[in-house]
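J.: I am attaching a structure below and will ask some questions about it afterwards.
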Amino acid sequence: MNHKSQTSQPTYLLESLPYPLLPPQRTKSKGAPSDFFGYFRREPSLKDARYRQLHSQDRNTQASLDCWEELVNLKSVGTNLAEQNFFARENSLRQVFGDFYCSDSLSQTPLLRATALYESLALHYTERGRISRMTAAWVWGYLDAPDPSVHIDFDRALRLNVTRARAANIMTHQVRVIPYDYIELGKLRVTTPLRTALDLLFHEQTAAADEVLIRILRDPESGCSQMKLLDAMDRISYLRFKDRTMERLERLARLARGKISSQPPKA
168 MNHKSQTSQP
178 TYLLESLPYP
188 LLPPQRTKSK
198 GAPSDFFGYF
208 RREPSLKDAR
218 YRQLHSQDRN
228 TQASLDCWEE
238 LVNLKSVGTN
248 LAEQNFFARE
258 NSLRQVFGDF
268 YCSDSLSQTP
278 LLRATALYES
288 LALHYTERGR
298 ISRMTAAWVW
308 GYLDAPDPSV
318 HIDFDRALRL
328 NVTRARAANI
338 MTHQVRVIPY
348 DYIELGKLRV
358 TTPLRTALDL
368 LFHEQTAAAD
378 EVLIRILRDP
388 ESGCSQMKLL
398 DAMDRISYLR
408 FKDRTMERLE
418 RLARLARGKI
428 SSQPPKA
């Protein structure tokens, strides 16, 4: 008996799993203007495939995927730093975070910054932690450039054995996580402006932190005011240097209203 040979597209078992271990075979699109930087973007990883499978219908996720498409990973251009800088200049790119750049004409939103930060961090940080302090202030746009250290909070009630980062630019903090203290921007958890302001009041005694706090207090869309900060502080059972912190808040709040000099009072 003669059997006719049939040709079919090869399938791979690892692609058909609920959480694919291999990315689907991609076909090259010709003449697609939106895919100009497609070759230079990071190849999809396991966490991308899993996230798309679980949340493909979620609006927040779709917005994050749109931001992901706007990012260019300069590491895929070449290992030479001079080549990367030349590529960025020639294509009018500006840095978002780390190796991820975007078009100079594109407005950098909190979601875009959060997406670039998510792509730069290891998976166990983004799954279990939340971005906080000066890093969160940068994500929300209250800091012009990201802080040298990436601040990540972990819930101390869960008692997770989180591997301490060897990289000098990761700072982890064990904190008590309270509901509504953070917002999910795409795939990344980020402390709210109110929680960010509280953290800076308690833990950051620098001029840069003071400037961020002033910007948060001046922003009508931050949902953060002097009264809300005082109310949140009253809910804390024990707070070290509470009087000093309240005096600092009063001074910064008056400065945000344009009432006093930016210089702190002399001791």
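Going by our numbering, the letters in the sequence shown line up with residues 168 to 434, in that order. All C-beta atoms in this analysis are idealised placements derived from N, C-alpha and C, irrespective of residue type, glycine included. Quick caveat, the model's predicted, so the values are computed rather than measured.
Smallest Cα separation from C234: which of D398, V317, T302, F267?
T.: F267
J.: So, under 8 Å CB-CB, K354 and T293 are touching, yes? Tell me the CB distance rounded to an integer number of Å.
T.: 7 Å
J.: DSSP beta-bridge partners for I319?
T.: I298, T339
J.: Measure from the alpha carbon of R421 to the alpha carbon of each residue in R382, K409, D322, then state which is nearest.
T.: R382
J.: Unbroken alpha helix (DSSP H) runs of length 4 or more, entirely within the region 337-388: which are they?
T.: 360-370, 374-385
J.: Is I345 buried or exposed, if buried means 16 or more other CB atoms sit within 10 Å of its CB?
T.: Classification of I345: exposed, given that the 10 Å Cβ count is below 16.
J.: Rank L273, L248, G245, D366 by C-alpha distance to the C-alpha of E236 and give the top, closest one.
T.: L273
J.: Between the beta-carbon of R150 and the beta-carbon of R356, is there less than 7 Å?
T.: Residue 150 lies beyond the range of the chain shown here (168 to 434); nothing can be said about it.
J.: How should L416 be labelled, buried or exposed, when 16 other C-beta atoms within 10 angstroms of its C-beta is the threshold for buried?
T.: buried
J.: Within 8 Å, do at least three Cβ pairs link the region 362-382 to the region 302-319?
T.: yes
J.: Could you check what DSSP says for C269 in three-state terms: helix, strand or coil?
T.: strand
J.: For F204, which residues in the same chain have their Cβ closer than 8 Å to its Cβ, ignoring the five residues on either side in sequence?
T.: Caution is warranted here: a pLDDT of 47 is assigned to F204, below 50, making its placement in the model unreliable, and no coordinate value can be reported.
J.: Curious, which full-length beta strand (DSSP E) runs of at least 3 residues does the region 233-287 contain?
T.: Segments of the beta strand (DSSP E) lying fully in the region 233-287: 260-264, 267-270.
J.: With DSSP collapsed to three states, give me the class of G198.
T.: Only weak support exists for where G198 lies, its pLDDT of 38 falling under 50; the value from the coordinates is given anyway. G198 falls in the coil class under three-state DSSP.
J.: Please state whether the Cβ-Cβ distance between F399 and L368 is less than 7 Å.
T.: What sits at residue 399 in the sequence shown is Ala, not Phe. Taking 7 Å as the Cβ cut-off, A399 and L368 do not qualify as a contacting pair.
J.: By the three-class DSSP mapping on this structure, what secondary structure does L310 have?
T.: Judged by DSSP in its simplified three-state form, L310 adopts coil rather than helix or strand.
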